[in-house]
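Right, one structure below, let's go through it.
Residue numbers (the numbering used here), protein chains in the order written: chain A, 26 to 429; chain B, 26 to 429.
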């Protein structure tokens, strides 16, 4: 008789955003007359930029003609896209990453969930708290997290790095030494960023202790301040300790298009074993490449027209972020984020729990956000709003919140 | 200090098709004057059908307009596609599968590699021999296969089910009882098929012994004979023991488009644990859906125009299969397959090994095929050719082979 992976049974409840979705569906079913504004899940709303649409139409036509049809993509992604990434995201920033160190994928969620597979199950992971749930849940599934304590909402074998108002929502070096360190800056969910000097401390720490940093830079495009690094490879020594994950979801509105990439420098080795080779083996064995049409869409992100159009799109969302931040402050909330990231992190008023505030905001203002506690125990008492709505909805949401 | 997943180091050599690719690249570099015909990897060559191209253009336009833009897809796939699959691939065949038992993905390679994750690592797997390498390699990575013996090219903890000329390339029930049974019919690589009565024996066996069948039906569209089942759910009792994997790669030419799906009936349970729920949790946590544009392309496969156009495409490839089969027979080879599958499986002449024949065919005829031994020890002495080339190339390849 077959047996299942028992680790799955340890997972408490369902995936955060599924839970929110179900709660909202139930509420709208009960109150069909209420208009709901969704500033919860980090899903974009602006249409794809014209340069991207054009590139996709052209690629679709290629797929319809025998002379230009493309079958299986190269395992690690098409050269045209990997070259564009190496140039646009690395060389132009002075970071030394070659095209053949870039692995194109269908998104950073998949990559951030799958990357742990190339590591031993007895590695100890460290995560920021609060944190993007995928890092934790996928390690639970792999059996790397020990037992769950419902009272503290913590796993026995995870090293938690609290990110609170007290430390400016920037993690401190952990007291116990981890093997794998998940970092995400600009941060989801807190919207905080770290300076290059702060990130350098982590790179040095990882190199000193023999840890690997899994660096999620999905929100890099929202950085507005000068001293905030756009890639971990701006830091010295990162090539020997860091894996970087990037998404096209937020910089180019690809949440429904699906494209991302992972960088593993060839200097990153465990003894004489190259992590690049392990990930290449995984890609070749379990993955068949991102669609040709989508890779052409990704290439258009780096074209002059694409860059200009996307700059406007980012500015649009960051205007929303400013609207939310300033609106909440006017309404008397304590807020952070929204300067280098599309997320605003607010302290719930009057000691409400995160889920109490979720219900309060849904019922009183018809606004959906994300409870901070869904991102980890140190998120309790906080709440996330995203800048990805339309400007009109964002304005309307803030008007409603001010009037509660 | 972090540690890697040591299971990766057990994998002998690189992924089969990467090895072939490198060999061909080296050969063409050394012999730039030689024209090479590739009948190796199962990659299609015909352009996408007009109905599919039209659907994609329309979906691209939707993504470029604020009113019709789509962000994150529903976790398990869009209703429009799941409904089309449930109707076209199941209800019309008299198989009882509901739309909410279908999980849309970016391809059957990923699904066939990932599905093992929801099972315990101490489950015992059984595979046909020869077999699609992904089933074995992904179980090696998960640590489920024991040790590798280079002499026999077998893993200590895998149950091999030899498929040889002697048993018509159909596996026999294994002597040891497995927990997970990988079956693929029509078969890759041998091109063989089983009748509904033969498959029923496997379903009954799995239900009796408490095993799960992972049924890969990627080549279903190539079935030409009446008594060959198009889905395992044509067999009685399959809902309580079988997971089915399907690909759009071969029936609609989507190798570069990337779309597939997995069926897990809600009756499939381990005690009171639903495998459907486990896979839904994995999808929700590690995956973000197939691109909207690609899901619309998938829907077009089931439209009247799409079905008519794809029927012609399949017929085109099956004409190639006939050309190969009959050409090889004329040249004195012993062949099978090619009737219900796009693969032709031939016995190498004069006791050549599979790789010897690979080199012989490449050097003497400029034709690339796949060595049978790359699919498992019982593939030694066999060789796979695919019907996915152009008709002109297929004809030319057979002329060359006849002239050796």
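Cβ coordinates follow ideal geometry from the N, Cα and C atoms, glycine included.
Helix, strand or coil for residue i, going by three-state DSSP, please let me know.
i: residue 61 of chain A; result: coil
i: residue 341 of chain A; result: helix
i: residue 230 of chain A; result: helix
i: residue 115 of chain B; result: helix
i: residue 125 of chain B; result: helix
i: residue 26 of chain A; result: coil
i: residue 215 of chain A; result: coil
i: residue 42 of chain B; result: helix
i: residue 53 of chain A; result: helix
i: residue 187 of chain B; result: strand
i: residue 182 of chain A; result: coil
i: residue 75 of chain A; result: helix
i: residue 400 of chain B; result: helix
i: residue 151 of chain A; result: strand
i: residue 174 of chain A; result: strand
i: residue 241 of chain A; result: strand
i: residue 395 of chain B; result: strand
i: residue 130 of chain B; result: strand
i: residue 429 of chain B; result: coil
i: residue 144 of chain B; result: strand
i: residue 137 of chain B; result: helix
i: residue 95 of chain B; result: coil
Is residue i close to chain A? Criterion is C-beta to C-beta, closer than 8 Å.
i: residue 306 of chain B; result: yes
i: residue 178 of chain B; result: no
i: residue 60 of chain B; result: no
i: residue 106 of chain B; result: no
i: residue 400 of chain B; result: no
i: residue 334 of chain B; result: no
i: residue 169 of chain B; result: no
i: residue 28 of chain B; result: yes
i: residue 36 of chain B; result: yes
i: residue 271 of chain B; result: no
Any beta carbon from chain B within less than 8 Å of residue i's own beta carbon?
i: residue 311 of chain A; result: yes
i: residue 174 of chain A; result: no
i: residue 63 of chain A; result: no
i: residue 409 of chain A; result: no
i: residue 54 of chain A; result: no
i: residue 31 of chain A; result: yes
i: residue 148 of chain A; result: yes
i: residue 154 of chain A; result: no
i: residue 71 of chain A; result: yes
i: residue 344 of chain A; result: no
i: residue 248 of chain A; result: no
i: residue 117 of chain A; result: no
i: residue 277 of chain A; result: no
Buried or exposed, going by whether 16 or more other CB atoms sit within 10 Å of the CB of residue i?
i: residue 376 of chain B; result: exposed
i: residue 275 of chain A; result: buried
i: residue 87 of chain B; result: buried
i: residue 429 of chain A; result: exposed
i: residue 186 of chain A; result: buried
i: residue 90 of chain A; result: exposed
i: residue 34 of chain B; result: exposed
i: residue 308 of chain A; result: buried
i: residue 280 of chain B; result: buried
i: residue 213 of chain A; result: buried
i: residue 233 of chain B; result: exposed
i: residue 265 of chain B; result: exposed
i: residue 38 of chain B; result: exposed
i: residue 331 of chain A; result: buried
The stretch 263 to 275 of chain A / the stretch 283 to 293 of chain A touching (three or more Cβ pairs under 8 Å) = Yes, since at least three Cβ pairs between the stretch 263 to 275 of chain A and the stretch 283 to 293 of chain A fall closer than 8 Å, the two stretches touch.
Identify every run of the alpha helix (DSSP H) within the stretch 348 to 392 of chain A, keeping only runs that are complete inside it and at least 4 residues long; order them along the chain.
-> 379 to 390
Could you give the uninterrupted runs of the beta strand (DSSP E) lying entirely in the stretch 243 to 293 of chain B, keeping only those of 3 residues or more?
-> 267 to 272, 285 to 288
Report yes or no: do the stretch 110 to 126 of chain A and the stretch 168 to 179 of chain A share at least 3 C-beta pairs separated by less than 8 Å?
-> no
Taking three-plus beta-carbon pairs below 8 Å as touching, is the stretch 193 to 202 of chain A in contact with the stretch 139 to 147 of chain A?
-> Here the stretch 193 to 202 of chain A does not lie against the stretch 139 to 147 of chain A, with fewer than 3 beta-carbon pairs under 8 Å apart.
Three or more beta-carbon pairs under 8 Å between the stretch 324 to 341 of chain A and the stretch 302 to 313 of chain B, yes or no?
-> Flag = no, the stretch 324 to 341 of chain A and the stretch 302 to 313 of chain B do not touch.
Touch test, the stretch 48 to 65 of chain A against the stretch 390 to 399 of chain A, Cβ-Cβ under 8 Å, three pairs minimum = Yes: at least three Cβ pairs fall under 8 Å.
Is it true that the stretch 355 to 365 of chain B meets the stretch 144 to 151 of chain B, where meeting means three or more beta-carbon pairs spaced less than 8 Å apart?
-> no
Do the stretch 412 to 427 of chain A and the stretch 363 to 375 of chain B touch if we need at least three Cβ pairs shorter than 8 Å?
-> no
Contact between the stretch 306 to 324 of chain B and the stretch 99 to 112 of chain B: three or more CB pairs below 8 Å?
-> Cβ pair count under 8 Å is three or more, so yes.
Three or more C-beta pairs below 8 Å linking the stretch 400 to 407 of chain B and the stretch 69 to 85 of chain B | no
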